[in-house]
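>
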Amino acid sequence: MPVWNVKNILEWAINYFSCKEVPQPRLSAELLLGSVLGLDRVNLYLNYNRVLNNQELATYKKYILERLEHTPIQYILNEAYFRKIKLYVDEKVLIPRPETELIVDKVFQILKDSLNKREIDIPGKDKINILEIGTGSGAIAISLANEILDELKVSGKVPGELTDEFPEELWEIVATDNDSSVLDIAERNAHSILNNNKFNKIKFIKCDIVPAEDSDFFKKHAGGFKIIISNPPYISEKDYENLPREVKEYEPKNALLGGETGLEIYERILNKIKPYINQEFCYILFEIAPLISTPLEKMSKDILKPSLIKVDKDYNGRERVMIIKI
Ligand SMILES: C[S@@+](CC[C@H](N)C(=O)[O-])C[C@H]1O[C@@H](n2cnc3c(N)ncnc32)[C@H](O)[C@@H]1O
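Numbering-wise (my numbering), the sequence shown opens with residue -1 and increments by one.
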């Protein structure tokens, strides 16, 4: 029996994954072994001669078998990184994608610009209230909550005494999803990542798109939101059939499939959010794929008659975030 150390087991696993055509063989082998040993990827290479004990070997073997079935690494390890946070994920929720981080930057940019131009007035009567539709793991909503105070402080428009204890009037986030098991995960993530003050300022609501007009929520929030964000399911039926095995077999269909053309959920959102829009100040931000940019722009103009629509590209130069100003 060979003695398995970091060096030889990594070489073996990379080779094995490559032969079996597992995507990203080196990354897979390294991340899974790093998790078993509690080492990041750099430290794996600094501990090349470290010998694995039987327990570690058994865990690594289990991970390798799961990966051979094309299970995404994030589901094997039940963790995904997004901006500054680590989220619990399993097959009930979409794995948050790096390109989705951009929409959070865009929200902060809009808020900072608007504070600078005095289009909103903080502190004062203008609470920053944000509605996220289709929160999944909570990646976007929790990142906003996690970073908002620091981001707005940097703008210099929030007074120096602003701290986490300066709560009520400043901001709140409402995050919806139509699947309660998904919301359980988002709430669990919020609870483990955020401090109590911040956690108490996010509300998770199970509903189809947004709460109905006869709900108490509607009575309280109608006409109110300044920022409305969504990364909805936007894969068309045809594209869904051709998704890689890792995505199609493991990630939730409800998080991916956006009807025949990919535009179905956007259309439902545009129609249902109308009563929630703050008519004096509201930006709507959608994550998009380049293919749907043009039809979605037309649809948004027809339904909301906004004052401005622009589309920003991601770091790969692909159209990624549509910003609609009311
Ligand atoms: C593409 S995922 C985005 C998840 C997360 N916001 C992210 O960016 O990683 C879309 C989410 O919308 C939810 N969803 C799908 N249809 C919905 C509906 N009709 N109403 C509310 N949420 C919905 C799904 O459960 C899923 O969590």
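Heads up, the beta-carbon is just placed ideally off N, CA and C, and yes, glycines get one too.
Here the structure is a predicted model, which is why all the values come from computation and not from measurement.
Between A253 and ligand 1, is there a pair consisting of the residue's CB and a ligand heavy atom that are separated by less than 7 Å?
It does: the Cβ of A253 is within 7 Å (strictly closer) of some heavy atom of ligand 1.
> Applying the criterion that 16 or more other CB atoms from any shown protein chain within 10 Å of the CB defines a buried residue, is G221 buried or exposed?
Classification for G221: exposed.
> Say whether the region 208 to 218 touches the region 106 to 113, bearing in mind that this needs 3 or more beta-carbon pairs closer than 8 Å, one atom from each stretch.
No, because fewer than three Cβ pairs between the region 208 to 218 and the region 106 to 113 fall closer than 8 Å, the two stretches do not touch.
> Contact criterion: CB-CB distance below 8 Å. Does I74 meet it with respect to chain D?
Absent here is chain D; the protein component of the structure consists of one chain.
> Of the choices R186, D312, Y313, I324, whose alpha-carbon is the least far from that of E77?
Comparing Cα positions, the closest option is R186.
> Using a threshold of 7 Å, is the CB atom of V102 nearer than that to any non-hydrogen atom of ligand 1?
No, Cβ of V102 sits at least 7 Å from all heavy atoms of ligand 1.
> Rounded to a whole number of angstroms, what is the C-alpha to C-alpha distance between F164 and K246?
A caution first: F164 carries a pLDDT of 42, below 50, which makes its placement in the model unreliable, though a value can still be read off. Cα-Cα distance, rounded: 44 Å.
> Please indicate yes or no: does the CB of G257 lie closer than 7 Å to some heavy atom of ligand 1?
No, the Cβ of G257 stays beyond 7 Å of every heavy atom of ligand 1.
> Put Y232 into one of helix, strand or coil per three-state DSSP.
Here Y232 sits in coil by DSSP.
> Classify P0: buried if its beta carbon has 16 or more other beta carbons within 10 angstroms, exposed otherwise.
That one is exposed.
> Output the distance between the C-alpha atoms of D124 and L255, rounded to the nearest integer angstrom.
The alpha-carbon atoms of D124 and L255 are separated by roughly 36 Å.
> Based on the DSSP secondary-structure assignment, which residues constitute the bridge partners of W169?
According to DSSP, W169 bridges with I126.
> Would you check whether ligand 1 has a heavy atom nearer than 7 Å to the C-beta of V1?
No, since every heavy atom of ligand 1 falls outside the 7 Å radius drawn around the Cβ of V1.
> Would you list the one or two residues that DSSP bridges to A78?
Per DSSP, L85.
> In the region 260 to 319, which residue ranges form an unbroken alpha helix (DSSP H) of at least 4 residues, counting only runs that do not cross its ends?
Those alpha helix (DSSP H) runs which fall completely within the region 260 to 319 and span 4+ residues are 262 to 271, 291 to 302.
> Whose CA, out of I263, D237, E28, Y14, lies closest to the CA of I227?
Ranking the options by Cα distance to I227, first place goes to I263.
> By the DSSP assignment, the alpha helix (DSSP H) with I200 in it spans what residues?
I200 -> not in any alpha helix (DSSP H); beta strand (DSSP E) instead, spanning 200 to 204.
> Straight-line CA distance for S305 to L294?
So the two alpha carbons sit approximately 15 Å from each other.
> When we look at the beta-carbon of P17 and count the other beta-carbons within 10 Å, is it buried (16 or more) or exposed?
Here residue 17 is Cys; the residue named in the question, Pro, does not match the sequence. Its Cβ having fewer than 16 others within 10 Å, C17 is exposed.
> Ligand 1 and V180: does the residue's C-beta get closer than 7 Å to at least one heavy atom of that ligand?
Under cutoff, so the answer is yes.
> Quick test of your reading: I322 and I290, contact by CB under 8 Å. State the CB separation rounded to the nearest angstrom.
That belief does not hold up - the Cβ atoms of I322 and I290 are roughly 14 Å apart, past 8 Å.
> Is the separation between the beta-carbon of F80 and that of P70 shorter than 8 Å?
Going by C-beta atoms, F80 is not nearer than 8 Å to P70.
> Can you tell me whether DSSP reads K323 as helix, strand or coil?
Residue state, collapsed to three classes: strand.
> Between which two residues does the alpha helix (DSSP H) carrying E185 extend?
Unbroken alpha helix (DSSP H) run through E185: 178 to 191.
> Measuring straight from C-alpha to C-alpha, what distance separates R325 and I286?
Lying outside -1 to 324, the shown extent of the chain, residue 325 is not represented and no answer is given.
> Among residues of its own chain, excluding the 5 on either side of L192, which ones have a beta-carbon nearer than 8 Å to its beta-carbon?
The residues are I140, A143, N144, I200.
> Reducing DSSP to helix, strand and coil, say where D344 ends up.
Because the chain here runs from -1 to 324, residue 344 falls outside it and cannot be looked at.
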